[in-house]
Amino acid sequence: MLIQFLNIILMELFGRVSHVQGVVFVYFDFWKNHFDRAQSIVNYTFERLPYTVLNRLIIYMIIIFFIALLILLPSILFSKLYIAYRKRKTALLHQKYSRIVVRFLINDLSEKELTDLKRIKSKFHRKIMTAVLISIDTAESKIVSKQIRGLYLEMKLNEDSIKKLRRRWHHKIVGIRELSHMGVKSENKYIMEFLQRPNEILRIETQMGLIKLLPFVPFAFLDSQEKPFTVWEQINVFDLIRKKRIEIPEFHLWLDHWNDSVVMFCLDMIRVLKQKEAAPKVLELLNHQSDLVKGKVIKTLVDLESKEAVVRLKNIFFLEELPNQVNIIRSIGQLRLESEVNFLIENMASKEFKIRMECCKSMALVGDTGIAKLKTLAENGDEELKGIVNHVLDPRI
Amino acid sequence: MNYDEFIRFISFFLDRIFISYAFLLIFSYTVLSIISGIALNYYLKKNSFVDYNVILDSPLAPSVSVLVPAFNEAKTIVDNVESIYTIHYNNFDVIIINDGSTDSTFEELLEAFKLEKVNFAVNAEIPTKEVRGIYKSTLSTYSNLIVVDKENGGKADALNVGINVSNKALFMAIDADSILEPDAVLKLVKPFLERTDRRVIAAGGVVRIANSCVVEKGRIAEVRIPRNILARMQVLEYTRSFLMGRMAWAKLDGLIIISGAMGMFEREIVIQSGGYAHSIGEDMELVVRIRRYMSENREKYKIEYVPDPLCWTEAPVDLKVFGRQRSRWTRGTIETLTDHSKIFLSPRYGAMGILGYPFWFLFEWLAPLVEVLGIIYMIVLFLTDNLSLDFVLITSLFVYTFAVFFSTCAILYEELTFHRYERKMDVFRLWIAALLEPFLLHPISLFFAVKGNVEYLMGNRSWGKMERKGFQHHKNKPKKVDSKN
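Put into C-alpha cells, the structure is as follows:
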C-alpha cells in the first residue's frame, strides 16, 4: 500500500524524467525485497516459537536494537566527518574574515567590499565575524577598539548578540560576552536578571559582563548576591580585575554583607590587594559566627601585618577550633613578634601535633632568640618535640 | 505431581526470575546511558566557557599533593615522576611513597633526583607501617618532590603515609604507571572550587587505555586504538564504564567508586574517616566510607565526576595478568559491599543507599553469578529435554544485539564528546571489537569474576602480582606505549 502510494507520488514528481523514475523504482524495489525478506524471517520465528508476550517482546526488541544499530553506525561516521568539516570551514572563514578586518583597520577595504561585508546574511558567517572582531580586539589601542566596535554596530551584529540573550543559557552566555566586550549597554537591565539564576556558569558570565559594562560600579552585583559566591566565581572575578585594569573598590564596604561567601571574597581581596585601611573593619569580624569567615579574618589580619590584632587573637585563642588556633599561632611567626615567645612556649605543651609544629615554626621565624630557645626546649623535650624542632630547623624542608 | 510437571513448575518460576533480571539489567543500563548523555551534553556546553588557566596564577587556588605509591616500579618510576612534572598547576607537591620495594625503585629515585634525607616530622594521623626515611630532591626543578621510604604494607598503607606527610588541603592519588593529562589537576580541582552549600569531598576523572598510543616526553602525543584485541576490547569497556556509567551515577549522586588510578580527595575528610582501609578494593572502599562518614555526621556533601579523559593507563594484554586484575576487582567489590552492607537500601545514605549500592550489589557482584546459574539452568533443561532451542537462540540474539548496541552507543558518546580517536578507521576497529567482545572478552571476564567470588569465599585477600610492559618514553623520537601490543 505504502509502496504503491509512493509510486504514485514519484510518478507525479518525476513522470517526465523516465530514467530518474527508473532508478528510484529500482531503489525502492531493492529495499522492498529486503523488507519482505526480514518480515518473512520474523513471521517464521513467530510461527516456530510459542505465541507468548515474552517471545514477541524479545523479537521486537531485537528488531529495535538492530535498527538502532543500523542508524547509529552511519551517525557515528557522519558526525566524525561533519565535525572535521565544520572545524575546517570555521578555520578557513576565520582566516578570511581576519584578513578582511585587518584590511578594514588599515582603510584598505573598498566601498563595495565594505558594503558586501555589511550585507552578510548567513548566521554562521556572522557568528564567525563576531568571533573574529573580538579576537582581533585584544590590542590596548583605543582607536582600534573604536573602529572594531563601529564595524560591529554597522554590521548590526549587536542585534544577533541581543537575540542570543533570549535563547537558552549557553547562547545567553555568548550574547553577554559579545555585548560586554563591545560595550553595548542597552541590555544591562535584562542581563542583571541573570544574576539570580541557578545556573552557575550563566551567573559567572553575568558578573563578568556587568563588571565590564558598569565601569563606575563594577561590583554592584555583590549587593544583590543571593546565591553562594563560589571560589570559582571569585577566581574568575579576581582574574578579570587583574587583566582588565578595572577600578578596584574598597572591599571593606561589603564586610557586613549577609552572604558569608561575599564576606569571604572581600576578605580575600583585602588580603591579596593589601587594603590596609580595612584592618579595623576586619578586626570587628573576629566575633563572626562562621568559623570559615573567622579563619579568613585571622589570615587577613596577619597578611595586613596588623600587630594590634594579635592581642585580640590571643584572647580568643582558647575559644577557637583547631584550624583557627593554628592560624593565630602562625600570625605571631609571620609578624615576628618576639614579645609573644612565652605564649608560643606555653602552647608547645599542647597535645595537638599541629599546634606544636606551628609554635616551633613561629619561634624559628621570630629570629635568633626563638631559634636558641627552640634548641634548648628540644634538648629537654619529648621525642615528638625533638622531631618537630629538627624538622623546623632543617633548611632543606 | 510427576517428574515432568515438577520440572515445568520449577522452570516456570526460574524462567521468570532470569528474564526479569535480564530486563531489569537492560533497563538500568539504558536509563544510565540516557542520564549520562544528558549530563555529558550539559558538561560539554558548560566547559566550553571555562578557562582553566585562571586557576593557574590565582592566589585563591587550593594546594594539592600528588601521592604516588610505588612498589617494584624500578623500570618506569623515573619516567613516571618526570611525567607528573608536566602537569599544569602551581601550588602542588609530589609525594612518592616507596612501599618497601624489593627491586631498585628507591635507588633509581635516589640517583635520578639527587635525593637527600631530611628531618621530616610526620604527624601520624592515620596509623601506618614504619617510615624508614623521608627524602627531598636537591635539584631546584624538583624542589617540591618528597620521597618516602617505608616498610612494605600495601597500596592503602602507602597512600596513608602520603596523606600523613602531606600538608595540603587536597590530595590526588595516582598509580605510578599513570600518564596524566597536563590539565588533569586543574580539571579535578575545579569542582572543589564550585562548592556551594554542599561540601565537595572527592572528584574522579576518566581513565583511558594508553596501549599503542604514542608517548612523548611523558605525555600522550597521539591517541591510537590498541593493536592487541584484548586491550582494544578493554577500551570499549572503559568507555562504557567511565562515560556511560559513572557519569550517570555522579549525576544521580550515587557514585561509589573513584578509580584508584586517579582521584582527588579532601585530605581532612579522609583523615577524619580513617584513611584508606587495608582492603583489596581500597579505592571503592574509601569512597563508600567517606560518604558514610558524611551522611552519618549529617553533613551535606557531594562527589563530583569529570568526564574529560585525564589519565592514561596500561591495560593488561596478558591473560594471566588480566585474570588477576579482574579477580581482584571482584574480590574488592565483594569486600566493600559486605563491609558496608548497612547502607543497603537505607534512605539515611541518600542515593548511595537507595540506588548506588543496590545497583552494584545486583549488577556488578551478582551479574556474573546469575549468568553462570542461567547457563547451568539451560544445560539442565537441555538434558531433561525441556529446552526450546529456538527460545535459546532468540534470547541469545537479544542479549547480543543489546550488548553491541550499548557498545555502539559508547562509541557514539566518545565521538560526540571528546573524539580522541581521530583516525577514521579507529571507529570501525572499535565497532568490530564491539561485535566480537561478547564472544571473546565477556566469557573471559565472566570466568575471572566467578573465580574472584570463589577466591573471596576461600579467604584470598592478596593483591596479586601485576606485571606491566612499561611505557617507552623517548626524549627525542616518539614511540608507542607497547610496541608488541
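Those protein sequence lines, which keep their order, are chains A and B. Note that the working numbering has the first sequence beginning at -18, numbered continuously upward. Note that the working numbering has the second sequence beginning at 302, numbered continuously upward. Ideal Cβ positions, reconstructed from N, Cα and C, are used throughout, including at glycine.
request  = Name the two residues that bound the continuous beta strand (DSSP E) containing residue 564 (chain B).
outcome  = Start at 1 with the first residue of the second sequence, and residue 564 (chain B) comes out as number 263. From DSSP, the beta strand (DSSP E) with residue 564 (chain B) extends over 563 to 567.
request  = Please decide whether residue 202 (chain A) counts as near chain B, where near means a Cβ-Cβ distance under 8 Å.
outcome  = The count along the first sequence starts at 1 and reaches residue 202 (chain A) at position 221. Taking 8 Å as the CB threshold, residue 202 (chain A) stays off the interface with chain B.
key: chain B within 8 Å of residue 213 (chain A), Cβ atoms only   = Residue mapping note: residue 213 (chain A) aligns to position 232 of the first sequence, counting from 1. Yes, its Cβ sits closer than 8 Å to a Cβ of chain B.
task = Determine which residues share a DSSP beta bridge with residue 446 (chain B) and list them.
result = If you number the second sequence from 1, residue 446 (chain B) lands on position 145. Answer by DSSP bridge pairing, in chain order: B:395.
Check: residue 291 (chain A) C-beta below 7 Å from any heavy atom of the ligand FAD = For the structure depicted, the ligand FAD is absent and the ligand set is empty, with no information on it obtainable.
Strand pairing of residue 501 (chain B), partner residues [DSSP] = Along the second sequence, read from residue 1 onward, the residue named residue 501 (chain B) stands at position 200. According to DSSP, residue 501 (chain B) bridges with B:603.
Neighbour flag for residue 49 (chain A) against chain B, beta carbons, 8 Å = The count along the first sequence starts at 1 and reaches residue 49 (chain A) at position 68. So yes, residue 49 (chain A) belongs to the interface.
query = Tell me, which residues are paired with residue 514 (chain B) by DSSP?
reply = Your numbering for residue 514 (chain B) matches position 213 in the second sequence. According to DSSP, residue 514 (chain B) shares a beta bridge with no other residue.
query = What is the DSSP secondary structure of residue 319 (chain B), counted as helix, strand or coil?
reply = For this step, residue 319 (chain B) is matched to residue 18 along the second sequence. Reduced to three states, the DSSP call for residue 319 (chain B) is helix.
query = Does DSSP put residue 87 (chain A) in a helix, a strand or coil?
reply = Taking the first sequence and counting its residues from 1, the one referred to as residue 87 (chain A) is at position 106. Residue 87 (chain A) carries a coil assignment under DSSP once its states are collapsed to helix, strand and coil.
query = Are the C-beta atoms of residue 61 (chain A) and some chain B residue less than 8 Å apart?
reply = For this step, residue 61 (chain A) is matched to residue 80 along the first sequence. By this cut-off, residue 61 (chain A) is an interface position.
query = How many angstroms separate the CA atom of residue 562 (chain B) from the CA atom of residue 208 (chain A)?
reply = Translated into the one-based positions of the second sequence, residue 562 (chain B) becomes position 261. Translated into the one-based positions of the first sequence, residue 208 (chain A) becomes position 227. So the two alpha carbons sit approximately 35 Å from each other.
task = Using beta-carbon positions only, say whether residue 653 (chain B) and residue 506 (chain B) come within less than 8 Å of one another.
result = What you label residue 653 (chain B) is simply residue 352 of the second sequence in a count that begins at 1. What you label residue 506 (chain B) is simply residue 205 of the second sequence in a count that begins at 1. Here residue 653 (chain B) is not near residue 506 (chain B), since their CB atoms are 8 Å or more apart.
query = Shortest alpha-carbon distance to residue 306 (chain B) belongs to which of B:685, B:628, B:357?
reply = As a working mapping, residue 306 (chain B) is identified with position 5 in the second sequence. Ranking the options by Cα distance to residue 306 (chain B), first place goes to B:685.
ask   = Can you tell which of B:528, B:549, B:638 has its C-alpha closest to the C-alpha of residue 733 (chain B)?
value = Taking the second sequence and counting its residues from 1, the one referred to as residue 733 (chain B) is at position 432. For the residues B:528, B:549, B:638, the minimum Cα distance to residue 733 (chain B) belongs to B:528.
query = Is the segment 704 to 711 of chain B touching the segment 46 to 59 of chain A in the sense that three or more CB pairs, one from each, lie closer than 8 Å?
reply = The segment 46 to 59 of chain A vs the segment 704 to 711 of chain B: in contact.
ask   = Quick one, are the C-beta atoms of residue 612 (chain B) and residue 486 (chain B) less than 8 Å apart?
value = On the second sequence, residue 612 (chain B) is found 311 positions in, with the first residue counted as 1. On the second sequence, residue 486 (chain B) is found 185 positions in, with the first residue counted as 1. Against a cut-off of 8 Å, the Cβ pair of residue 486 (chain B) and residue 612 (chain B) comes out as no contact.
query = Over what stretch of residues does the beta strand (DSSP E) that includes residue 126 (chain A) continue unbroken?
reply = Locating residue 126 (chain A) in the first sequence gives position 145, where the first residue counts as 1. For residue 126 (chain A), no beta strand (DSSP E) run applies; the uninterrupted alpha helix (DSSP H) run containing it begins and ends at 123 to 135, by DSSP.
task = Alpha carbon to alpha carbon, how far is residue 433 (chain B) from residue 662 (chain B)? Give it in angstroms, no decimals.
result = Counting from 1 along the second sequence, the entry for residue 662 (chain B) is found at position 361. Counting from 1 along the second sequence, the entry for residue 433 (chain B) is found at position 132. About 41 Å.
query = Residues of chain A with CB under 9 Å from residue 632 (chain B), in chain order?
reply = Residue mapping note: residue 632 (chain B) aligns to position 331 of the second sequence, counting from 1. At a beta-carbon threshold of 9 Å, none of the residues of chain A lie near residue 632 (chain B); the nearest stands roughly 33 Å away.
ask   = Can you find a CB in chain A that lies within less than 8 Å of the CB of residue 451 (chain B)?
value = Position 150 of the second sequence holds residue 451 (chain B). Taking CB atoms only, residue 451 (chain B) has no neighbour in chain A less than 8 Å away.
Minimum Cβ-Cβ distance from residue 604 (chain B) to chain A less than 8 Å = One-based indexing of the second sequence puts residue 604 (chain B) at position 303. It does not; no Cβ of chain A falls within 8 Å.
ask   = What does residue 98 (chain A) touch in chain B if you count any residue whose Cβ is under 7 Å from its own?
value = The sequence position of residue 98 (chain A) within the first sequence is 117, counting from 1. Those within 7 Å of residue 98 (chain A) in chain B number zero; the least Cβ separation is about 27 Å.
query = How would you label residue 491 (chain B), buried or exposed, when you count the other beta carbons within 10 angstroms and need 16 or more for buried?
reply = The residue given as residue 491 (chain B) occupies position 190 in the second sequence. So residue 491 (chain B) ends up on the buried side.
query = From which residue to which residue does the beta strand (DSSP E) around residue 592 (chain B) run?
reply = Position 291 of the second sequence holds residue 592 (chain B). Looking at the DSSP string, residue 592 (chain B) is not in any beta strand (DSSP E); the run it does join, the alpha helix (DSSP H), is 583 to 597.
query = Along the segment 209 to 237 of chain A, what residues have a CB closer than 8 Å to any CB found in chain B?
reply = Residues of the segment 209 to 237 of chain A with a Cβ closer than 8 Å to any Cβ of chain B, in chain order: 209, 211, 212, 213, 215, 216, 217, 219, 220.
query = Cβ of residue 371 (chain A) less than 8 Å from any chain B Cβ?
reply = Counted from its first residue, the first sequence places residue 371 (chain A) at position 390. At a cut-off of 8 Å between beta carbons, residue 371 (chain A) contacts chain B.
Simplified DSSP assignment, three categories, for residue 361 (chain B) = Reading the second sequence from its first residue, position 60 is the one you call residue 361 (chain B). For residue 361 (chain B), the secondary structure class from DSSP, reduced to helix, strand or coil, is coil.
request  = Please go through the same chain and pick out, in chain order, the residues whose beta-carbon is closer than 7 Å to the beta-carbon of residue 750 (chain B), but skip the five residues on each side of it.
outcome  = Here residue 750 (chain B) is taken as the residue at index 449 of the second sequence, counted from 1. The residues 627, 631, 669, in chain order, have a CB closer than 7 Å to that of residue 750 (chain B) in the same chain once the five nearest residues on each side in sequence are set aside.
key: Neighbouring residues, chain A, relative to residue 360 (chain B) (Cβ below 7 Å)   = Counting from 1 along the second sequence, the entry for residue 360 (chain B) is found at position 59. Ordered by position in chain A, the residues that pass the 7 Å Cβ test against residue 360 (chain B) are 253.
Beta bridge counterpart(s) of residue 368 (chain B) as assigned by DSSP = Stepping through the second sequence from its first residue, residue 368 (chain B) is reached at position 67. In the DSSP output, where bridge partners are listed per residue, residue 368 (chain B) has B:396, B:474.
inquiry  = Starting from residue 416 (chain B), trace the beta strand (DSSP E) in both directions and tell me its first and last residue.
reply    = Start at 1 with the first residue of the second sequence, and residue 416 (chain B) comes out as number 115. Following the DSSP letters along the chain, one finds residue 416 (chain B) inside the beta strand (DSSP E) bounded by residues 416 to 419.
request  = Kindly indicate if chain B contains any beta-carbon less than 8 Å away from that of residue 178 (chain A).
outcome  = Your numbering for residue 178 (chain A) matches position 197 in the first sequence. Proximity of residue 178 (chain A) to chain B, defined by a Cβ-Cβ separation below 8 Å, is not satisfied.
task = Kindly say whether residue 456 (chain B), judged by its beta-carbon, lies nearer than 8 Å to any beta-carbon of chain A.
result = If you number the second sequence from 1, residue 456 (chain B) lands on position 155. Chain A contact via Cβ: absent.
ask   = Taking Cβ-Cβ distances below 7 Å as the criterion, which residues of the segment 410 to 423 of chain B are in contact with chain A?
value = Against chain A - using a Cβ distance shorter than 7 Å - the residues of the segment 410 to 423 of chain B are 417, 419, 420, 421, 422.
ask   = DSSP three-state call for residue 357 (chain A): helix, strand or coil?
value = Here residue 357 (chain A) refers to the residue found at position 376 of the first sequence. When DSSP states are grouped into helix, strand and coil, residue 357 (chain A) belongs to the helix group.
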